[in-house]
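For the sequence shown, the tail end lands on 112 under UniProt numbering, and the numbers increase by one without skipping. Step one of this worksheet: look at the structure below.
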Amino acid sequence: MGLEKTIELWFVMFVLVEQPISYLMLLKHLNDDPGPHLIVCLASVLENWERELKKWCPSFTVLQYHGAARSVYSKELNSLSKVGLPPSFNVIFMCYSLFERHRFALMLHMDN
1 MGLEKTIELW FVMFVLVEQP ISYLMLLKHL NDDPGPHLIV CLASVLENWE RELKKWCPSF
61 TVLQYHGAAR SVYSKELNSL SKVGLPPSFN VIFMCYSLFE RHRFALMLHM DN
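Shown next as structure tokens:
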């Protein structure tokens, strides 16, 4: 079974970040928003989606928040957040189970 929507999603992300004037006339509150943008998906497609996004949108900096490296990323993100600095990536991928576990903390970060 194919992932027909993968390329369409990357196109929307590209338009949101790289072409804010044409698309974001309708969504002014997102004007010039480089992210970070959270993409929640199945764990089984994380690597494929990251690879495809890097292929179709090479200017994006991507973080896959999954596996053993996520504790390192958590510490780095918390440090940046405490001093008011933005993260160093445009897109972060997270699987559904991690999103469920961390959704309240993510909402707090989004409100700041």
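Ideal placement from N, C-alpha and C gives every residue a C-beta, glycine not left out.
Assignment of V83 by DSSP, reduced to helix, strand and coil, places it in the coil class.
Of the residues assessed, V91 falls on the buried side of the cut-off, its CB having 16 or more other CB atoms within 10 angstroms. For L63, the uninterrupted beta strand (DSSP E) segment begins and ends at V62 to Y65. The residue from L46, F89 and G35 with its alpha-carbon nearest to that of G67 is L46.
For L38, no alpha helix (DSSP H) segment is defined; the enclosing uninterrupted segment is the beta strand (DSSP E) at H37 to C41. DSSP places N90 outside any alpha helix (DSSP H), giving it a letter other than H or E. Of the residues assessed, Y65 falls on the buried side of the cut-off, its CB having 16 or more other CB atoms within 10 angstroms.
Contact between P36 and F93 is ruled out by a C-beta separation of about 11 Å, above the 8 Å threshold.
It is roughly 14 Å from the alpha-carbon of C41 to the alpha-carbon of R51.
Between T61 and the set F99, S97 and P86, the nearest pair of CA atoms involves P86.
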